[in-house]
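Protein chains: 2
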Amino acid sequence: MTNRRANFINMVKHLADVPEKNVEREINLTKESPYRQGYHVESESGSLGDPNGFSYFNHQYHLFYQWSPLAFSQTPHYTQHGWKHLVSKNLVDWQDLGAGIESDTVLDKHGTYSGSALPVGDQLFLMYTGNTWTNTESEDDWHRVPYQVGAMMDKDNHVEKWMQPLLTGPLEGYTGHFRDPKIFKKNDEYYAVLGIQRENLTGSALLVKSSDLHDWQIVGEVKAKHEDFGYMWECPDYYELDNHGVLEFCPQGLESQGNKFKNIYQNGYLIGQKMNLKSGEFNCGHFHELDKGFDFYAMQTMRDTKGRKILMAWMGLPEIKYPTEKYHYTGCMIFPRELHVKNGLIVQKPVDEIKDLYQEEYDSELTLDEKLVEIKAEENNRRDIKLELDCSQAYDTVLDLFANEDNTQHLRLIFNHKKQEFIVNRSNCGIAIAETYGVERSCHLNLDQKIIVRILQDTSSAEIFLNDGQDVFSMRVFTAKDNHRIFASSHNGSAKLRAEIHQLRNRR
Amino acid sequence: MTNRRANFINMVKHLADVPEKNVEREINLTKESPYRQGYHVESESGSLGDPNGFSYFNHQYHLFYQWSPLAFSQTPHYTQHGWKHLVSKNLVDWQDLGAGIESDTVLDKHGTYSGSALPVGDQLFLMYTGNTWTNTESEDDWHRVPYQVGAMMDKDNHVEKWMQPLLTGPLEGYTGHFRDPKIFKKNDEYYAVLGIQRENLTGSALLVKSSDLHDWQIVGEVKAKHEDFGYMWECPDYYELDNHGVLEFCPQGLESQGNKFKNIYQNGYLIGQKMNLKSGEFNCGHFHELDKGFDFYAMQTMRDTKGRKILMAWMGLPEIKYPTEKYHYTGCMIFPRELHVKNGLIVQKPVDEIKDLYQEEYDSELTLDEKLVEIKAEENNRRDIKLELDCSQAYDTVLDLFANEDNTQHLRLIFNHKKQEFIVNRSNCGIAIAETYGVERSCHLNLDQKIIVRILQDTSSAEIFLNDGQDVFSMRVFTAKDNHRIFASSHNGSAKLRAEIHQLRNRR
Numbered sequence: 001m002t003n004r005r006a007n008f009i010n011m012v013k014h015l016a017d018v019p020e021k022n023v024e025r026e027i028n029l030t031k032e033s034p035y036r037q038g039y040h041v042e043s044e045s046g047s048l049g050d051p052n053g054f055s056y057f058n059h060q061y062h063l064f065y066q067w068s069p070l071a072f073s074q075t076p077h078y079t080q081h082g083w084k085h086l087v088s089k090n091l092v093d094w095q096d097l098g099a100g101i102e103s104d105t106v107l108d109k110h111g112t113y114s115g116s117a118l119p120v121g122d123q124l125f126l127m128y129t130g131n132t133w134t135n136t137e138s139e140d141d142w143h144r145v146p147y148q149v150g151a152m153m154d155k156d157n158h159v160e161k162w163m164q165p166l167l168t169g170p171l172e173g174y175t176g177h178f179r180d181p182k183i184f185k186k187n188d189e190y191y192a193v194l195g196i197q198r199e200n201l202t203g204s205a206l207l208v209k210s211s212d213l214h215d216w217q218i219v220g221e222v223k224a225k226h227e228d229f230g231y232m233w234e235c236p237d238y239y240e241l242d243n244h245g246v247l248e249f250c251p252q253g254l255e256s257q258g259n260k261f262k263n264i265y266q267n268g269y270l271i272g273q274k275m276n277l278k279s280g281e282f283n284c285g286h287f288h289e290l291d292k293g294f295d296f297y298a299m300q301t302m303r304d305t306k307g308r309k310i311l312m313a314w315m316g317l318p319e320i321k322y323p324t325e326k327y328h329y330t331g332c333m334i335f336p337r338e339l340h341v342k343n344g345l346i347v348q349k350p351v352d353e354i355k356d357l358y359q360e361e362y363d364s365e366l367t368l369d370e371k372l373v374e375i376k377a378e379e380n381n382r383r384d385i386k387l388e389l390d391c392s393q394a395y396d397t398v399l400d401l402f403a404n405e406d407n408t409q410h411l412r413l414i415f416n417h418k419k420q421e422f423i424v425n426r427s428n429c430g431i432a433i434a435e436t437y438g439v440e441r442s443c444h445l446n447l448d449q450k451i452i453v454r455i456l457q458d459t460s461s462a463e464i465f466l467n468d469g470q471d472v473f474s475m476r477v478f479t480a481k482d483n484h485r486i487f488a489s490s491h492n493g494s495a496k497l498r499a500e501i502h503q504l505r506n507r508r
Numbered sequence: 001m002t003n004r005r006a007n008f009i010n011m012v013k014h015l016a017d018v019p020e021k022n023v024e025r026e027i028n029l030t031k032e033s034p035y036r037q038g039y040h041v042e043s044e045s046g047s048l049g050d051p052n053g054f055s056y057f058n059h060q061y062h063l064f065y066q067w068s069p070l071a072f073s074q075t076p077h078y079t080q081h082g083w084k085h086l087v088s089k090n091l092v093d094w095q096d097l098g099a100g101i102e103s104d105t106v107l108d109k110h111g112t113y114s115g116s117a118l119p120v121g122d123q124l125f126l127m128y129t130g131n132t133w134t135n136t137e138s139e140d141d142w143h144r145v146p147y148q149v150g151a152m153m154d155k156d157n158h159v160e161k162w163m164q165p166l167l168t169g170p171l172e173g174y175t176g177h178f179r180d181p182k183i184f185k186k187n188d189e190y191y192a193v194l195g196i197q198r199e200n201l202t203g204s205a206l207l208v209k210s211s212d213l214h215d216w217q218i219v220g221e222v223k224a225k226h227e228d229f230g231y232m233w234e235c236p237d238y239y240e241l242d243n244h245g246v247l248e249f250c251p252q253g254l255e256s257q258g259n260k261f262k263n264i265y266q267n268g269y270l271i272g273q274k275m276n277l278k279s280g281e282f283n284c285g286h287f288h289e290l291d292k293g294f295d296f297y298a299m300q301t302m303r304d305t306k307g308r309k310i311l312m313a314w315m316g317l318p319e320i321k322y323p324t325e326k327y328h329y330t331g332c333m334i335f336p337r338e339l340h341v342k343n344g345l346i347v348q349k350p351v352d353e354i355k356d357l358y359q360e361e362y363d364s365e366l367t368l369d370e371k372l373v374e375i376k377a378e379e380n381n382r383r384d385i386k387l388e389l390d391c392s393q394a395y396d397t398v399l400d401l402f403a404n405e406d407n408t409q410h411l412r413l414i415f416n417h418k419k420q421e422f423i424v425n426r427s428n429c430g431i432a433i434a435e436t437y438g439v440e441r442s443c444h445l446n447l448d449q450k451i452i453v454r455i456l457q458d459t460s461s462a463e464i465f466l467n468d469g470q471d472v473f474s475m476r477v478f479t480a481k482d483n484h485r486i487f488a489s490s491h492n493g494s495a496k497l498r499a500e501i502h503q504l505r506n507r508r
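Here the protein sequences come in this chain order: A and B.
Numbering-wise, the first sequence is residues 1 to 508 according to the UniProt record's numbering.
Numbering-wise, the second sequence is residues 1 to 508 according to the UniProt record's numbering.
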């Protein structure tokens, strides 16, 4: 509790209250980082976390995110927390509008936590969790009081907070862990799902409804097969897609199970019939990991005017130390993904607008064997890589990204035909991250047949899509700038590889 | 097939037929290896594979193993294959008796494959697979004819082979993959289990019986739940222990399943009620991995006169390249383990005779935190390490073995309390081995409570026993000689560690 207390001693309500030179000092240090991304959204300083209020409004995409630009500031340390606000016409180039919401009212004074947005009339309705603590003068007898807060943003991006909380926690039978409202509309009613912790310290999702956005009633917990699953569910998101109901959430407190649930906190979804919004009944199957990589959390979806369901997420995790902290920033977003349902599971692919980033193209067609082959590309890691791989005639095929000249360092992708397994190995790839949670991630993969692999590489990340996004692995990689080579080989037999590599420009 | 053919061009029946200087050249090169084990059995040159004929006879333990002392010889290359023979009074110090069986008859001319031994009267009965090929003049139309061969060894260790095969393959309905007889006696009848491949290319174990060791009848396949499991079962071993029936075997062709079955070939067992030896009916549960480490295969058990069930195994795998090949040898044995049944599962511990190897003892009692602590021991890796670890108050605890001075290289053991998982990570530990099969092995481990860990370290191996041998991980490690340090730390909380380390002498 003492950390929390120390954190709030220097809390300021508005970034504008901090001397400009202190803000700029952070930004200038962050600029020095060799790990700055080319086309992924990241913060210009401090910490970036959950995406919030992801929406389409006023002819543009809006993305907010959990933002503490001074999180790593020192002498003096300032704590300032809120939502960063970005807008985009194409999901690729983003205009930075600075602070979108700040923690400046009695309802959110200790943190403007996560939430969502929905266009209502000619405004954008924002719904988020205001975090507050009572009894803060005590050493360790603090009590968390979460408010679900409403606000309206107009076309000039001016936000008006509602001073009457929509819901106040803790609710009876639950603890103060009650947050992350995701709003949606169906049949002229508004609904939201929120993460909540029961008094018996198990996690759940709560469904609430309203007809006017002011007066909210509790429908009840989402009644899914997996309601007893972890000690807290964060960032739930319910939506309907391709005639299915989907509940995404981030359970905390899952033990590892084989090659599943290896990260400190998890992400995933339940899929089934559409939810009964009167009762919260949700007839669904097992919990599936949405992203099986090392760094992925707090995903949030939106539906755009083209009818696409688009996913955004934090390519990072709470409580994990990243080497960018040395440069006083941490976290980035994934590249936005379009979602569909295929064979009863979510499949993901980068939104087509990525083509706006395309520059030079490099095509290769190779027969692989024991001899290491370098695959031709430009000398930087900003790439959209599309591969067709047939390794059915070899024990395994290895693809090394972020490789140095003699390939002693690399992010290693292993397609093991003999074990019908895909493994990504981050152990030999620059600065170690979260090693105690393992250096490999893996999944079953049928390699008797040709497979399609797509990889979005950036300066310090890789998002790997297997078989049109049936399995996705996202991860950060902090390696030397010169490590931009791609090598491939196969063992105990030969493999065929076609590679189409598009180098990508920086985002604007 | 061409490799096989080339291999037999220079085949010699007896090691004694090879010029002594060629044999010695191999031995001298092997001696130069920095990876030579201190107390684990390994070959003085060439390849060591499956343990064979493990038994107690004539007041001593007998261990044979698959042996090709000239396997890596060059200009000229000789192929000579058979069983090496060792004897021991204490399972710790072994006398090398040289070639035990060689491939010198029509029944075993292309290889004296694996088998077992049983004392009969005042002789030791040996039962093994003689491998032969027909049509060897053709380029690629060879046919495998496996013979199950009997032989008697007297008290002078003289082996007399029986020239009438006990069984001749392929049997009707099966392929030529029919090998590895493990003999046992019950109610005055002799039985053996053998690995066999059905014509539909699935693996099984065949039960056969005899009253006189000469005339063998086929009882039938072992009828277990898991009879459809892989394309071949090698080295089956049936025994009764603590009132259970146990069938150990090495299935080939299993796909990875989460953190299970990661190695190129597997090892494990079925356990249940005692087998019905009239019908082969075996009422048992699921298949369990016996050893979850990187390097373990072809295990074989024996019962000694003290009534102990003792396990021997090859700490290596077929088709995997080891860096010792540079020194023209490969493979070693595990340190023998005593087996018991606990909670319906096999538990394993090093035989007590390891105490014969004990030299200096180092005891430590430490409170671990973020700061790396070195645990005191001698400057060599021959050790029996006993640990008591309480990491219930930390996210995780890390133990690094084979570490260099600044701990940038190590074999890393991770006890992740938050994920209730044990991980051993070999990625940063000298020369890489079988990386395409993954660099981590892991299992579920309840870390809310104190755990007992035992580790047998040798120059180039580690055998890790969790909770009195409920989970065991064996592996080879090829690191620089100076990497003999042990470090520990814990993260996000503190852990308590008691270490009792016995340095071990070399075996004689």
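For every residue, glycine included, the Cβ atom is placed at its ideal position computed from N, Cα and C.
Practice task
Would you decide whether A:Y265 is buried or exposed? Buried here means 16 or more other CB atoms lie within 10 Å of its CB.
Solution key: Flag for A:Y265 reads buried.
Exercise for the section: Determine, using beta carbons only, whether A:K420 comes closer than 7 Å to chain B. Expected result: The question names Lys, but residue 420 of chain A in the sequence shown is Gln. Taking 7 Å as the CB threshold, A:Q420 lines the interface with chain B.
Problem - Under 8 Å from the C-beta of B:E255: neighbouring residues of chain A - result: Identification of chain A residues near B:E255 by a Cβ-Cβ cut-off of 8 Å yields K419, Q420, E421, H444, ordered along the chain.
Handout entry: Within 8 Å of chain B by C-beta, residues of the UniProt domain "Glycosyl hydrolase family 32 C-terminal" (355-497) of chain A in sequence order
Key = For the UniProt domain "Glycosyl hydrolase family 32 C-terminal" (355-497) of chain A, which is checked against every Cβ of chain B, the residues closer than 8 Å are Y395, D396, V398, R412, I414, N416, K418, K419, Q420, E421, I423, N425, S427, N428, E435, T436, Y437, G438, V439, E440, S442, H444, H491, N492.
Handout entry: Chain-ordered chain B contacts of A:K260 [CB-CB under 8 Å]
Key = Simply G258.
Problem - Cross-chain neighbours of B:I264 in chain A, by beta carbon under 7 Å - result: From the beta-carbon of B:I264, the residues of chain A found nearer than 7 Å are K418.
Exercise for the section: State the DSSP-derived secondary structure class of A:Y231, mapped to helix, strand or coil. Expected result: DSSP places A:Y231 in the coil class of the three-state scheme, outside both helix and strand.
Problem - Per-residue burial, A:S138 [other beta carbons within 10 Å of its own, 16 or more giving buried] - result: When all chains shown are included, A:S138 counts as exposed.
Handout entry: Helix, strand or coil at A:A192 according to DSSP, with G and I counted as helix
Key = Here A:A192 sits in strand by DSSP.
Practice task
Just the C-alpha distance for B:L201 and B:Y231, rounded to the nearest angstrom, thanks.
Solution key: Here the alpha carbon of B:L201 sits roughly 5 Å from the alpha carbon of B:Y231.
Exercise for the section: Report yes or no: is there a C-beta of chain A within less than 7 Å of the C-beta of B:R505? Expected result: It does not: the Cβ of B:R505 has no partner Cβ on chain A nearer than 7 Å.
Practice task
Determine, using beta carbons only, whether A:A488 and A:L399 come nearer to each other than 7 Å.
Solution key: In this structure, A:A488 sits near A:L399, with a CB-CB distance shorter than 7 Å.
Practice task
Mind checking which residues open and close the beta strand (DSSP E) that includes B:L63?
Solution key: Start and end: 60-68.
Practice task
Enumerate in chain order the residues of its own chain whose CB-to-CB distance from B:K371 is below 8 Å, with the five nearest sequence positions on each side excluded.
Solution key: Cβ within range, chain order: S489.
Practice task
Return yes when the Cβ of A:E221 is within less than 7 Å of the Cβ of A:L241, no when it is not.
Solution key: Cβ distance not < 7 Å, so A:L241 and A:E221 don't count as in contact.
Exercise for the section: Taking B:E338 and B:K349 to be in contact with their CB atoms under 8 Å, please state how far apart those CB atoms are, rounded to whole angstroms. Expected result: Yes, they are in contact, since the Cβ atoms of B:E338 and B:K349 sit about 6 Å apart, within 8 Å.
Problem - Identity of the residue in B:F478, B:S103, B:I486 nearest B:K84 by Cα - result: B:K84 has its Cα closest to that of B:S103, out of B:F478, B:S103, B:I486.
Exercise for the section: Using only alpha-carbon positions, find the residue among A:N276, A:Q252, A:F282, A:S279 that is nearest to A:G268. Expected result: Sorting A:N276, A:Q252, A:F282, A:S279 by C-alpha distance to the C-alpha of A:G268 places A:Q252 at the top.
Practice task
Would you list the one or two residues that DSSP bridges to A:W216?
Solution key: Beta-bridge pairing links A:W216 to A:S210.
Practice task
Can you say whether A:G49 is buried or exposed, counting buried as having 16 or more other CB atoms within 10 angstroms of its CB?
Solution key: A:G49 should be labelled buried.
Practice task
Could you tell me if A:Q449 is buried or exposed, where buried requires 16 or more neighbouring beta carbons within 10 angstroms of its beta carbon?
Solution key: Exposed.
Exercise for the section: Return the residue from the list B:F294, B:W314, B:L194 that minimises the CA-CA distance to B:F178. Expected result: Ranking the options by Cα distance to B:F178, first place goes to B:L194.
Practice task
Could you have a look at A:E172 and say whether DSSP puts it in helix, strand or coil?
Solution key: In the three-state reduction of the DSSP assignment, A:E172 falls in the coil class.
Exercise for the section: Count the other CB atoms, across all protein chains shown, that sit within 10 Å of the CB of A:M312; report buried if there are 16 or more and exposed otherwise. Expected result: Within a 10 Å sphere around the beta-carbon of A:M312 sit 16 or more other beta-carbons, which makes this residue buried.
Practice task
Please find out if some non-hydrogen atom of the ligand MG comes closer than 6 Å to the beta-carbon of B:E20.
Solution key: Of the ligands one can find in the structure shown there are none, so the ligand MG has no counterpart to examine.
Handout entry: Counted within 10 angstroms of its Cβ, other Cβ atoms place A:R426 as buried (16 or more) or exposed
Key = Per the 10 Å Cβ criterion, buried.
Practice task
Classify A:H376 as buried or exposed, calling it buried when 16 or more other Cβ atoms lie within 10 Å of its own Cβ.
Solution key: Here residue 376 of chain A is Lys; the residue named in the question, His, does not match the sequence. A:K376 comes out exposed.
Handout entry: Neighbour-count burial assignment, A:V453, 16 or more Cβ in a 10 Å radius
Key = A:V453 comes out buried.
Handout entry: Under the three-state DSSP convention, the category A:A16 falls into
Key = A:A16 falls in the helix class under three-state DSSP.
Exercise for the section: Run through the UniProt domain "Glycosyl hydrolase family 32 C-terminal" (355-497) of chain A for me and flag every whole beta strand (DSSP E) of 3 or more residues, listed as ranges in chain order. Expected result: Qualifying beta strand (DSSP E) stretches, in chain order: 358-368, 383-390, 396-403, 411-416, 421-425, 440-444, 451-458, 461-466, 471-476, 485-491.
Exercise for the section: Tell me whether B:S279 is buried or exposed, calling it buried when 16 or more other Cβ atoms sit within 10 Å of its Cβ. Expected result: Exposed, by the Cβ-count rule.
Handout entry: Boundaries (first-last residue) of the beta strand (DSSP E) holding A:N267
Key = Counting along the chain, A:N267 sits inside no beta strand (DSSP E), nor does DSSP assign it H or E at all.
Exercise for the section: Tell me whether B:T2 sits in a helix, a strand or coil according to DSSP, three-state version. Expected result: With a pLDDT of 43 at B:T2, under the threshold of 50, the predicted position of this residue should be treated as unreliable, though the coordinate-derived value follows. DSSP places B:T2 in helix when its eight states are reduced to three.
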